[in-house]
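So the sequences go chain by chain: A and B. FYI, this note's numbering numbers position 214 of the first sequence as 214, with every residue one higher than the one before it. Whatever position you read off the second sequence (first residue = 1), add 1000 for this note's numbering.
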Amino acid sequence: MDETYDVIVMGTGLKECILSGMLSVTGKKVLHVDRNTYYGGESASLTPLDQVFQHFGRPPVGDKYGRGRDWNVDLIPKFLMANGQLVKLLIHTGVTRYLEFKSVDGSYVYKGGKIYKVPADEKEALQSSLMGIFEKRRFKNFLQFVQDYEVDDPKTWKGVDPTMISKQLYEKFGLDANTQDFTGHALALFRNDKYMLEPCVELIKRCRLYSESLARYGKSPYLYPLYGLGELPQGFARLSAIYGGTYMLDKPVDKIVMQDGHVVGVSDGKDTAKCSIVVCDPSYAPDRRKKVGQVVRAICILNHPIDNIRGAQSVQIIIPQNQVNRNDDIYVCMVSSTHNVCPQNYYLAIVATTVETNNPEAELQPGLELLGTIEEKFVSVVDLFEPEDDGKDSKIFITKSYDATSHFETTCDDVLKTYERITGAPFDFSKVKHTEVDSVGE
Amino acid sequence: MATGIPGYKVILHGDYGVGKSSIFRRFLNNTFTTATGRHSTIGLDHCTRVFKVGTQSVKLTLWDTGGVQRMSYLGSSYYRGAHAALLVYSLSNKDTFGVLSQFILDIVMNAEGAKIFLCGNMADAVNPEQESGQVTEADLEQFMSQCDDVFSGVYQVSCKDNNGLEEMFTDMARVLHRDSVSRLTLRRDLVRPGDTETANSEKSSCC
């Protein structure tokens, strides 16, 4: 370990693995370490099932729920938007070749105690029982407007300046509170209502992302990898290794070595590896992070699918905050054996939200109620951290914790911003040469 | 897949320094290098070639570990969907032979149903005069009798002399294809983002 590197990355969570891959690809000599024996850190998928029980301090159950090693249980539930940033990163870096995806069967929204399929295009909007007949027409007009809107082309604006706030945009189309609710939370996937007073260009962009993602593979805008989300960090770690990155797992790195206010190496108590830049998740830099909130998640094992989703084998259900008198939405994700994350006839549901009270588990109740009978439930409350500074002086670049959002857009934002903080320039996708090498000898 | 040629994923496995990347390079473009640097494979860790099994064309995609130095760091995703593993040891280094059972366990645990092919590399470096440290025929026979039908094929090759490699690849294609003809399952609902753009280049062989 006592060598000299350009960059030492600590933690093999998805963000760190993407960054490690990007840095290796651009010619940096990277050492990537993790204190665990497995890849993924917080974004790992645990297998076999007993590892999940162990993780939550419970006695093992062996093969009580089918074969233990058929389980791959995500600690953090998220789906990929089919046209989102993570998919673009996967394609541009070629990492998509290491993974297989299936689309998620359905996208639902909660209203008045019941769940409804999210109407995502004009045709579905007209068929949905979510709205009355006149509201449908107004919503259809809104969707049409969003489809045609180009920020760079004022001719498409139809009197809507990009700086107009979202609330005003809704009013312009006469959308009622219910429609605003599912548009903002189930289509645009805002976590709370702060966006209402912010420029509507973001709302338009997010609605577009939803419908473009939906157009890609049909049933829902979401994709999910076979064998769980833990495959994603491994794919990017592989990219990093191919471009010369060195990997060391099971390495208890506990000390960042500083000199004159900036980092010079990383130590495991015995050896010190030298470097001029450190990239890590907040757990590796406890005195350089600040707590910004908490997320509560309940991982649930079911032996039946969720009711009222027409037999779908994988779904996302969003409970908009207004529906249950909260500030933040509650997310329910369900996956199953079709994505190779559990044995047949079992289902894995995760309910998650941002903590608002002193009794976080109770906050999940509206989501848990949708699940019906639950065989096993693992509840965790985790702190969300952000770096205290931007790392430009210390050369220690810390990523943010994974938030409660149900997809990877904020994850990718953080990765791309961190990359820019490290190198001073945005990532140049043309640096990845795999497409040329791939066609060798044709 | 649209071409209708059946394809099989084969992963390279084995101890550090037994010549996995050398086998990969022979498969890729029939070259050999004594340099230990990874530059020659940078950016490329898998390659597809077409073999003839009788009149049928069969695609073999060989995956290298991509420079992950120690096998314990490979991670489960390397094994996903593998139809076979080519387990490599060095004929001139008995230590790499002694650890095979652990690798077999890894393969069985992570790549369910994958066939295992055993390959002794560096046949050129075997010195008949030398007493110990090498893998003898008796060692191999004893190991095989313990393993009882674990292997779908056993080969000895030399990447340096280019000896036995093409025969090995062709034989693996034959065994894999013969075995799967009856139980080939199509998974049409799989999605690979970006596939529409690259589908054409992936269909053709590398060499």
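Glycine included, each C-beta is placed from N, C-alpha and C at the ideal position.
Quiz item: Is A:N303 buried or exposed, if buried means 16 or more other CB atoms sit within 10 Å of its CB?
Solution: exposed
Quiz item: Is DSSP giving B:M1071 helix, strand or coil here?
Solution: Confidence at B:M1071 is low in this model, with a pLDDT of 46, below 50, so its placement is unreliable and the value that follows should be read with caution. If DSSP states are grouped into helix, strand and coil, B:M1071 belongs with the helices.
Quiz item: What are the boundary residues of the alpha helix (DSSP H) that A:V118 is part of?
Solution: Segment: none, A:V118 is in no alpha helix (DSSP H) and carries neither H nor E.
Quiz item: Between A:F139 and A:L175, what straight-line distance do the alpha-carbon atoms span, to the nearest angstrom?
Solution: 7 Å
Quiz item: How would you call A:V292, buried or exposed, if buried means at least 16 neighbouring beta carbons within 10 angstroms?
Solution: exposed
Self-check item: Identity of the residue in A:G184, A:G228, A:L169 nearest A:S103 by Cα
Solution: A:G228
Quiz prompt | One or two residues paired with A:E386 in a DSSP bridge | solution = A:K290
Quiz item: Secondary structure at A:N415, three-state DSSP: helix, strand or coil?
Solution: The question names Asn, but residue 415 of chain A is Val in the sequence shown. Of the three classes helix, strand and coil, the one that applies to A:V415 here is helix, per DSSP.
Quiz item: Closest to A:F182 by CA distance: which of A:P48, A:V118, A:K400, A:N327 is it?
Solution: A:V118
Quiz item: So who's on the other strand from A:V295, going by DSSP bridges?
Solution: A:T354, A:V382
Exercise. Could you name each continuous alpha helix (DSSP H) segment of 4 residues or more that falls completely within the stretch 1053-1124 of chain B, going from the start of the chain to the end?
Key: 1094-1098, 1100-1110
Quiz item: Going by other Cβ atoms of all chains shown within 10 Å of its Cβ, with 16 needed for buried, is B:H1039 buried or exposed?
Solution: Low confidence applies here, because B:H1039 scores a pLDDT of 46, under 50, leaving its location unreliable; read the following figure in that light. Classification of B:H1039: exposed, given that the 10 Å Cβ count is below 16.
Quiz item: In chain order, what residues of the same chain lie with their CB nearer than 8 Å to the CB of A:G372, ignoring the 5 residues before and after it?
Solution: L302, H304, I306, D307
Self-check item: Min CB distance A:G235 to chain B below 8 Å
Solution: yes
Practice problem: Would you kindly check if the distance between the Cβ of A:P286 and the Cβ of A:C17 is under 8 Å? | Solution: no
Self-check item: Nearest-angstrom beta carbon gap, A:M258 and A:V266 [assumed within contact, 8 Å]
Solution: At roughly 11 Å, the Cβ-Cβ gap does not stay under 8 Å, so A:V266 and A:M258 are not in contact.
Quiz item: Touch check for the stretch 1043-1063 of chain B and the stretch 1143-1158 of chain B: three-plus C-beta pairs under 8 Å?
Solution: no
Quiz item: Can you find a CB in chain B that lies within less than 8 Å of the CB of A:K417?
Solution: no
Quiz item: In the DSSP assignment, what are the bridge partners of A:S336?
Solution: A:Y347
Practice problem: Flag this pair as touching only if the stretch 1165-1183 of chain B and the stretch 1044-1051 of chain B have three or more C-beta atom pairs under 8 Å; answer yes or no. | Solution: yes
Exercise. Output the distance between the C-alpha atoms of B:P1193 and A:V87, rounded to the nearest integer angstrom.
Key: 7 Å
Self-check item: Beta-carbon proximity check, B:H1013 vs B:V1099, cutoff 8 Å
Solution: no
Exercise. Note down, in chain order, all residues in the stretch 91-108 of chain A with a beta-carbon under 8 Å from any beta-carbon belonging to chain B.
Key: I91, T96, R97, Y98, L99, E100, F101, K102, S103
Exercise. Return the residue from the list B:F1103, B:L1190, B:Q1056 that minimises the CA-CA distance to B:Y1073.
Key: B:F1103
Quiz item: When burial is assigned at 16 or more other CB atoms within 10 Å of the CB, is A:F408 buried or exposed?
Solution: buried
Quiz item: B:Y1008 CB to nearest chain A CB: under 8 Å?
Solution: no
Quiz item: Which chain A residues sit within Cβ distance under 9 Å of B:V1191?
Solution: A82, E100, F101, K102, S103, R216, Y217, L223
Practice problem: Could you name the residues of the stretch 1010-1023 of chain B whose beta carbon sits closer than 7 Å to any beta carbon of chain A, in the order they occur along the chain? | Solution: none
Self-check item: chain A residues whose Cβ lies nearer than 7 Å to that of B:S1208
Solution: The structure shown does not extend to residue 1208 of chain B, since chain B is modelled only from 1001 to 1207, so the question has no answer here.
Quiz prompt | Spatial neighbours of B:F1137 in its chain, beta-carbon cut-off 6 Å, leaving aside the 5 residues before and after | solution = A small fix is needed here, since residue 1137 of chain B is Glu in this sequence, not Phe. Closer than 6 Å at the Cβ level, and outside the excluded window around B:E1137, lies no residue.
Quiz item: Does A:V440 come within less than 8 Å of chain B when only Cβ atoms are used?
Solution: Unreliable positioning characterises A:V440 in this predicted model, as indicated by a pLDDT of 28, which lies under 50. The coordinate reading is nonetheless provided below. Cβ-Cβ to chain B under 8 Å: yes for A:V440.
Practice problem: State yes or no: is the C-beta of A:L23 within less than 8 Å of the C-beta of A:V7? | Solution: yes
Exercise. Would you list the one or two residues that DSSP bridges to A:K377?
Key: A:C300
Quiz item: Are the beta-carbon atoms belonging to B:G1081 and B:K1009 less than 8 Å from one another?
Solution: yes
Practice problem: Measure from the alpha carbon of A:K114 to the alpha carbon of each residue in A:G159, A:L370, A:Q321, A:D389, then state which is nearest. | Solution: A:L370
Self-check item: Within 8 Å of chain B by C-beta, residues of the stretch 177-206 of chain A in sequence order
Solution: none
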